[in-house]
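Colleague: Here the numbering used here is used: the first residue of the sequence shown is 2, the next is one more, and so on.
Before anything else, here's the structure in question.
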Amino acid sequence: MKLYSSLFFTFFVSACTSQEAVTDVAGQKTTYIQGECYDSSTYSLTETFDEFIDERKQELKILRPELTAENYEQLDYALRHFTTYWTQLRQERDQACEEHATCEFIRLKNHESQAYNREFCDGTDFEYNVSRAKMIHFFNDIERLQLQRSAQQ
Numbered sequence: 002m003k004l005y006s007s008l009f010f011t012f013f014v015s016a017c018t019s020q021e022a023v024t025d026v027a028g029q030k031t032t033y034i035q036g037e038c039y040d041s042s043t044y045s046l047t048e049t050f051d052e053f054i055d056e057r058k059q060e061l062k063i064l065r066p067e068l069t070a071e072n073y074e075q076l077d078y079a080l081r082h083f084t085t086y087w088t089q090l091r092q093e094r095d096q097a098c099e100e101h102a103t104c105e106f107i108r109l110k111n112h113e114s115q116a117y118n119r120e121f122c123d124g125t126d127f128e129y130n131v132s133r134a135k136m137i138h139f140f141n142d143i144e145r146l147q148l149q150r151s152a153q154q
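This is how it looks when you write it as structure tokens:
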């Protein structure tokens with residue numbers, strides 16, 4: 002009986018120790034992802050986009066007396082749609098970044114392993130780069146948007 006209780010105690014201690022190790026690795030992974038994907042410089046393009054949309058909304062308010070109600074609603078809807086689409090692009094970028102950072106974290110943790118494969122993270126790297134390119138391309142396109150008065154006849 003003493004042998005069983007000793008084995009149980011050993012099993013319990015090793016289970017707790019391995020659980021702590023798993024929790025520690027999970028915490029390290031979360032910290033790594035936060036550092037790779039959500040540091041303050043990451044969102045500078047989003048802040049620029051938000052400022053740009055706010056400027057267009059101010060322009061639209063100034064032009065409101067010169068617009069028909071229908072035209073005003075169309076322009077307001079377009080600005081809201083741009084913001085929604087930007088949010089969608091940012092969420093795609095965040096998800097792709099998290100997947101890529103997770104892959105990089107695993108690669109770094111297993112770097113000494115013989116099973117290490119140099120192409121291990123190529124897929125997530127590609128998806129992350131595509132998501133960032135989509136954001137930049139959309140921002141460049143939207144940046145050219147200007148509300149203009151038409152010549153009145």
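Virtual Cβ for every residue (Gly too), placed ideally from N, Cα, C.
Keep in mind the model is a prediction, meaning the values are calculated, not measured.
Among E56, E100, G124, Y129, whose alpha-carbon lies nearest the alpha-carbon of Q30?
Modeller: Rather than Gln, the amino acid found at residue 30 in this sequence is Lys. With distances taken between Cα atoms, K30 lies closest to E100.
Colleague: I need the boundaries of the alpha helix (DSSP H) containing C98, first residue and last residue.
Modeller: Start and end: 70–110.
Colleague: Using 8 Å for Cβ pairs, my map puts Y33 next to A102. What's the rounded Cβ distance?
Modeller: Going by Cβ atoms, the distance from Y33 to A102 rounds to 6 Å, so yes, they are a contact pair.
Colleague: Rounding to the nearest angstrom, what Cα-Cα distance links K135 and G36 in this structure?
Modeller: In a straight line, the C-alpha of K135 is about 22 Å away from that of G36.
Colleague: Contact between the segment 88–96 and the segment 52–64 is defined here as three or more beta-carbon pairs at a separation below 8 Å; is this criterion met?
Modeller: Flag = no, the segment 88–96 and the segment 52–64 do not touch.
Colleague: Span of the alpha helix (DSSP H) holding D40?
Modeller: Element bounds for D40: n/a, residue is neither H nor E.
Colleague: Can you name, in chain order, every residue of its own chain whose Cβ lies under 6 Å from the Cβ of C104, other than the five neighbours on each side?
Modeller: Excluding sequence neighbours, C104 sits near C122, T125.
Colleague: What is the DSSP secondary structure of E48, counted as helix, strand or coil?
Modeller: Helix, per DSSP.
Colleague: Could you check if Y129 is buried or exposed, using at least 16 other CB atoms within 10 Å of its CB as the buried criterion?
Modeller: Its Cβ being crowded by 16 or more others within 10 Å, Y129 is buried.
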